[in-house]
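Have a look at the structure below before the remarks.
There are 2 protein chains.
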Amino acid sequence: MLKLTRKVEYALIALRYMDRNKDRRCASAKEISDLYHIPLSLLSKILQTLSKVEIIQAVQGAHGGYILNINPEDFSMTELINILEGPLGIMDCSIDSECSQLDTCNIKSPITKVNNAIINVLNNITLADISEQQSTGLKI
Amino acid sequence: MLKLTRKVEYALIALRYMDRNKDRRCASAKEISDLYHIPLSLLSKILQTLSKVEIIQAVQGAHGGYILNINPEDFSMTELINILEGPLGIMDCSIDSECSQLDTCNIKSPITKVNNAIINVLNNITLADISEQQSTGLKI
DNA sequence: CATATATAAGACTAATTTAGTCTTATTAAG
DNA sequence: CTTAATAAGACTAAATTAGTCTTATATATG
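This is the structure we're talking about:
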């Protein structure tokens, strides 16, 4: 519970890699998949999604790959999550108002505040923050 | 993703109800289950768990039920989540260090900071906060 | 132009987690 | 003794997440 999905995790790993390698022409899905042990098909689909909304730019054909197309400082975790998983809500009623509780629920309003607080945290974390920091056992 | 489980949701509903009714002797699982349309067996198990760690106190036999056994101001969302779901981590590596990435992961350290920020939000939300606020369509 | 290496797209399956049910035992009030 | 509660745990169902497989298209390079 309250877990990020692998999709988001893999996207962060790939985006960080691209950011750190922006001097090079482009980074292929295969290259990232090999380096970080991510299933290629899965990573491909994630990168295709990011490419469709122009977070990264695809370069087709041999020697192709992807190039970062946003400023890391301006791209928040919330945006990434929205692109890959849809709107962020800690309970169903935080997103749509469908709820088996009908109108008996006694916690909707406080839960909404918790949800907003979490979204606020994620709004304030950008790809630059993810990219910047040193990780233990770092390869790139 | 990043969702609270029903267990936590039902626990909050029940705890809020008990808090708002602490003048009465005790509240039974059946009563809460009926009022909020929560499956009885499921709610029972949740309340048993909370009773084992003495967040609530069980009163057995006919006319039995549960009584709140903590000060709502001192009981945080983090504690509740820990009791019902175990330690809170937005990625597996936020909890234990088991990770298919081995030592190639490039985002562990920043993700840990995100995790801490979220835990911090939940630390600062107590049952009193949940209980206090008015909900729309409120019954009790 | 043939080949190798990329992305694009989507159907499909497997694995895991979450939600809910069912059964049996125990406790205490009336 | 009967009724209404909690206690405990095995079991099943549903939903979500993760991953695979297949086919098509694009392009650099020899």
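Protein chains in written order, with our numbering: chain A, -12 to 127; chain B, -12 to 127. No residue lacks a Cβ here, since even glycine has one placed at the ideal position from N, Cα and C. Treat the numbers as computed from the prediction; the structure is a model and nothing was measured.
Could you please give me the residues that DSSP links to residue i through a beta bridge?
i	result
Ile43 (chain B)	B:Leu55
Candidates the options: which alpha carbon is nearest residue i's?
i	options	result
Ser15 (chain B)	B:Ser63, B:Arg(-7), B:Val40 and B:Gln44	B:Gln44
Ile94 (chain A)	B:Leu114, B:Cys86 and B:Thr99	B:Leu114
Glu18 (chain B)	B:His50, B:Ile42, B:Ser38 and B:Asp116	B:His50
Arg(-7) (chain B)	A:Gln88, A:Ser38, A:Thr65 and A:Met64	A:Gln88
Ala(-2) (chain A)	A:Asp10, A:Lys32 and A:Asp116	A:Lys32
Tyr159 (chain B)	B:Val40, B:Ile0 and B:Asn8	Lying outside -12 to 127, the shown extent of chain B, residue 159 (chain B) is not represented and no answer is given.
Asn8 (chain A)	A:Lys39, A:Gly52 and A:Ser81	A:Gly52
Glu41 (chain B)	B:Glu66, B:Leu29 and B:Leu27	B:Glu66
Arg12 (chain A)	A:Val46, A:Ser96, A:Ser81 and A:Thr36	A:Val46
Taking the alpha-carbon positions, what's the residue i to residue j distance?
i	j	result
Gly73 (chain B)	Val(-5) (chain A)	22 angstroms
Ile112 (chain A)	Ile54 (chain B)	41 angstroms
Leu109 (chain A)	Asn69 (chain A)	11 angstroms
Leu34 (chain A)	Asn102 (chain B)	24 angstroms
Met78 (chain A)	Gly48 (chain A)	43 angstroms
Arg3 (chain A)	Ser118 (chain A)	5 angstroms
Asp21 (chain A)	Ile57 (chain A)	24 angstroms
Met(-12) (chain B)	Leu71 (chain A)	11 angstroms
Phe62 (chain B)	Ile25 (chain A)	40 angstroms
Lys(-10) (chain B)	Asn107 (chain A)	16 angstroms
Ile98 (chain B)	Thr99 (chain A)	24 angstroms
Ile105 (chain A)	Asp116 (chain A)	17 angstroms
Glu60 (chain B)	Met5 (chain B)	14 angstroms
Thr91 (chain B)	Asp83 (chain B)	16 angstroms
Leu30 (chain A)	Leu37 (chain B)	41 angstroms
Met64 (chain B)	Ser96 (chain A)	15 angstroms
Ser81 (chain B)	Gly76 (chain A)	20 angstroms
Cys86 (chain A)	Cys86 (chain B)	35 angstroms
Asp10 (chain A)	Leu27 (chain B)	60 angstroms
Lys39 (chain B)	Lys39 (chain A)	51 angstroms
Assign residue i to one of three DSSP states: helix, strand, or coil.
i	result
Arg113 (chain A)	A small correction: the amino acid at residue 113 (chain A) is Thr; Arg does not occupy that position in the sequence shown. Here Thr113 (chain A) sits in strand by DSSP.
Ser63 (chain B)	strand
Ala14 (chain A)	strand
Asn102 (chain B)	helix
Pro26 (chain A)	coil
Met(-12) (chain B)	coil
Thr36 (chain A)	helix
Pro97 (chain A)	helix
Asp6 (chain A)	helix
Leu75 (chain A)	coil
Measuring from the CB of residue i, is there a heavy atom of the ligand HEM at a distance below 7 angstroms?
i	result
Thr91 (chain B)	As for the ligand HEM, it is missing from this structure, which has no ligand bound.
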